[in-house]
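There are 2 protein chains.
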Amino acid sequence: MKAPIDFYFDFSSPYGYLAAEKIDALAAKHGRSVQWRPMLLGAAFKLTGAAPLPSIPIKGEYAKRDFLRSARFHGVPMKIPSVFPVSGLAACRAFYSLNENNRVPLAKALLRAYFVDDVNIGEPENVVKIAAGLGHKPDLSDSSLKEKTKSEVDAAIAKGVFGSPYFVADGEPFWGIDRFDQLERWLAKPF
Amino acid sequence: MKAPIDFYFDFSSPYGYLAAEKIDALAAKHGRSVQWRPMLLGAAFKLTGAAPLPSIPIKGEYAKRDFLRSARFHGVPMKIPSVFPVSGLAACRAFYSLNENNRVPLAKALLRAYFVDDVNIGEPENVVKIAAGLGHKPDLSDSSLKEKTKSEVDAAIAKGVFGSPYFVADGEPFWGIDRFDQLERWLAKPF
Numbered sequence: 001m002k003a004p005i006d007f008y009f010d011f012s013s014p015y016g017y018l019a020a021e022k023i024d025a026l027a028a029k030h031g032r033s034v035q036w037r038p039m040l041l042g043a044a045f046k047l048t049g050a051a052p053l054p055s056i057p058i059k060g061e062y063a064k065r066d067f068l069r070s071a072r073f074h075g076v077p078m079k080i081p082s083v084f085p086v087s088g089l090a091a092c093r094a095f096y097s098l099n100e101n102n103r104v105p106l107a108k109a110l111l112r113a114y115f116v117d118d119v120n121i122g123e124p125e126n127v128v129k130i131a132a133g134l135g136h137k138p139d140l141s142d143s144s145l146k147e148k149t150k151s152e153v154d155a156a157i158a159k160g161v162f163g164s165p166y167f168v169a170d171g172e173p174f175w176g177i178d179r180f181d182q183l184e185r186w187l188a189k190p191f
Numbered sequence: 192m193k194a195p196i197d198f199y200f201d202f203s204s205p206y207g208y209l210a211a212e213k214i215d216a217l218a219a220k221h222g223r224s225v226q227w228r229p230m231l232l233g234a235a236f237k238l239t240g241a242a243p244l245p246s247i248p249i250k251g252e253y254a255k256r257d258f259l260r261s262a263r264f265h266g267v268p269m270k271i272p273s274v275f276p277v278s279g280l281a282a283c284r285a286f287y288s289l290n291e292n293n294r295v296p297l298a299k300a301l302l303r304a305y306f307v308d309d310v311n312i313g314e315p316e317n318v319v320k321i322a323a324g325l326g327h328k329p330d331l332s333d334s335s336l337k338e339k340t341k342s343e344v345d346a347a348i349a350k351g352v353f354g355s356p357y358f359v360a361d362g363e364p365f366w367g368i369d370r371f372d373q374l375e376r377w378l379a380k381p382f
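Just so you know, the protein sequences line up as chains A and B, in that order. Taken in order, the first sequence gives residues 1 to 191; the numbers are from our numbering. Taken in order, the second sequence gives residues 192 to 382; the numbers are from our numbering.
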């Protein structure tokens, strides 16, 4: 078995959501598994000086159009949430509170709640409700969970992750849903 | 004949160079012509707060790797120039000094000089030399040429162009060489 693909994303990232809907199938096609690693873009933005796309003059307007067109291009249902962006902190904590087998289904449920059903997953109570629907009862205020989440986010930043989605395959980094084609070719054969 | 595709780019943009090597063939495949419109990213960056990629912490290191990998992905020869980025002002002026038939060959020669042969096209004398090689003698200090160039760049900014490459097809904007696939599908059928 080849090494897993590291898949970093922020729960509030539209392109991260699109990637989340597609990465497992891509990896499976190339005999790979995926290590899902949610992180917090805000922490990376402090280092790169970046800002959430919708807040940027001119580029923000383009971005909203591009989010929806990219979703149609990739055949993934998406709406722009009423409250956008939001903090992915509660979602990250809920994710890291579970054992590895249960994490990805929760991540997908959270992303779909936010980007399809317009549920504000920045609110911890909504995250807890979605987790409960899958049979989990995360205690988001638990201090060891907070510490674990922080160390996962710090580890992503230390690896140089500055955007969402961000993939690493055999040491090669790919930033953006728009590098999916390069990632796919790389998995077939590094170029 | 369908409307031309507007193709905006900065002469110092690696992704703009990759697009320049590919846009004419893509357009022709879909029965379109291309209106080449070089502009100056610096003017757009003042509005969006963006900065040249190589100057950004963490993201800059990734960008250099991505430039070269993207060039290999698209099958276009490219080296990262020793002096990078440079001002595209002299190149823009030389471009707009010519009549429409002669502009695109000069643009391609300038881009290849910079991204393949490592000629610093930020230096007006190098731009003049490359133009001379194609039989042109632009006077880059001509005041009406300066004015024309400025009005072309201002018009691009007024259209909302904030990056390079940036395409507009029938009113639909596409930013980035990584939207080439969406542009191609759009030309076949808007989605």
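Beta carbons are placed, not taken as given, at the ideal position from N, Cα and C, and that holds for glycine. This structure is a prediction, so every number in the text was calculated from the model and none was measured.
query: Mind the definition here: the segment 74-88 of chain A touches the segment 267-287 of chain B only if three or more C-beta pairs lie below 8 Å; say whether that holds.; result: no
query: Are the segment 218-235 of chain B and the segment 192-210 of chain B touching by the rule of at least three beta carbon pairs closer than 8 Å?; result: yes
query: Of the residues Phe-115(A), Pro-54(A), Ser-12(A), which one's Cα is nearest the Cα of Ile-80(A)?; result: Phe-115(A)
query: Using a threshold of 8 Å, state whether the C-beta atoms of Ile-5(A) and Phe-167(A) are closer than that.; result: yes
query: Could you confirm whether any beta carbon from chain B is found closer than 8 Å to the beta carbon of Gly-42(A)?; result: no
query: Along chain B, in chain order, which residues have C-beta atoms closer than 7 Å to that of Lys-207(A)?; result: No answer is possible for residue 207(A): it lies beyond the span of chain A, which begins at 1 and ends at 191.
query: Is Val-104(A) helix, strand or coil by DSSP?; result: helix
query: Could one say the Cβ of Ile-247(B) lies closer than 8 Å to chain A's Cβ atoms, at least one of them?; result: yes
query: Taking 6 Å as the limit between beta carbons, can you name the residues of its chain near Pro-124(A), skipping five residues before and five after?; result: Ala-90, Leu-140
query: Taking 8 Å as the threshold (beta carbon to beta carbon), is Asp-178(A) in contact with chain B?; result: yes
query: Taking the continuous alpha helix (DSSP H) assigned at Arg-185(A), which residues delimit it?; result: 180-188
query: Run down chain B in chain order and give the residues with a C-beta less than 8 Å from the C-beta of Phe-197(A).; result: Since the displayed chain A opens at 1 and closes at 191, residue 197(A) lies outside it and no answer follows.
query: Taking just the CA atoms, how far does Phe-353(B) sit from Thr-239(B)?; result: 7 Å
query: Only counting the same chain, and skipping five residues up and downstream in sequence, which positions put a Cβ closer than 7 Å to that of Ala-51(A)?; result: Phe-45
query: Of all the options Ala-109(A), Ser-143(A), Asp-66(A), Glu-147(A), which has the alpha carbon lying nearest to the alpha carbon of Lys-129(A)?; result: Ala-109(A)
query: Give every residue of the same chain whose Cβ lies closer than 7 Å to the Cβ of Glu-21(A), excluding the five residues on either side of it in the sequence, and list them in chain order.; result: Val-76
query: What number of angstroms, rounded off, separates the C-alpha of Asp-142(A) from the C-alpha of Glu-152(A)?; result: 16 Å
query: State the DSSP-derived secondary structure class of Asp-197(B), mapped to helix, strand or coil.; result: strand
query: Closer than 8 Å by C-beta to Gly-160(A): which residues in its own chain qualify, once you throw out the five before and the five after it? Chain order, please.; result: Pro-173
query: What does DSSP give as the partner residues of Glu-363(B) in its beta bridges?; result: Ala-360(B)
query: Which two residues bound the contiguous beta strand (DSSP E) that contains Pro-229(B)?; result: 225-229
query: Counting C-beta neighbours from all protein chains within 10 Å, is the total for Pro-381(B) 16 or more, i.e. buried, or is it exposed?; result: exposed
query: Excluding the 5 residues preceding and the 5 following Lys-148(A) in the sequence, name in chain order all residues of the same chain whose CB lies nearer than 7 Å to its CB.; result: Tyr-96
query: Let me check understanding here. Comparing Cα to Cα, which of Phe-84(A), Leu-134(A), Gly-122(A) lies closest to Asn-102(A)?; result: Leu-134(A)
query: Roughly how far, in whole angstroms, is the beta-carbon of Asp-215(B) from the beta-carbon of Gly-207(B), given that I think they are within contact range, below 8 Å?; result: Not confirmed; about 14 Å, so no contact.
query: Only counting the same chain, and skipping five residues up and downstream in sequence, which positions put a Cβ closer than 7 Å to that of Ala-218(B)?; result: Ile-196, Ser-224, Val-225
query: Could you give the DSSP three-state label for Pro-315(B): helix, strand or coil?; result: helix
query: Applying the criterion that 16 or more other CB atoms from any shown protein chain within 10 Å of the CB defines a buried residue, is Leu-68(A) buried or exposed?; result: exposed
query: Note down, in chain order, every chain B residue with its Cβ under 8 Å from the Cβ of Tyr-62(A).; result: Gly-351, Phe-353, Pro-364, Trp-366
query: Can you list, in chain order, the residues of its chain whose CB lies under 8 Å from that of Asp-66(A), leaving out five sequence neighbours each side?; result: none
query: Could you tell me the distance, in whole angstroms, from the CA atom of Ser-164(A) to the CA atom of Ala-298(B)?; result: 34 Å
query: Mind pulling the chain A residues with CB within less than 8 Å of Arg-376(B)?; result: Phe-73
query: What separation, rounded to the nearest whole angstrom, lies between the Cα atoms of Arg-263(B) and Ala-322(B)?; result: 28 Å
query: Taking the alpha-carbon positions, what's the Val-119(A) to Phe-198(B) distance?; result: 39 Å
query: Considering only residues of the segment 50-93 of chain A, which uninterrupted alpha helix (DSSP H) runs meet the minimum length of 4 residues and lie entirely inside it, listed in chain order?; result: 59-74
query: By the DSSP assignment, the alpha helix (DSSP H) with Asp-117(A) in it spans what residues?; result: Per DSSP, Asp-117(A) belongs to no alpha helix (DSSP H) and is neither H nor E.
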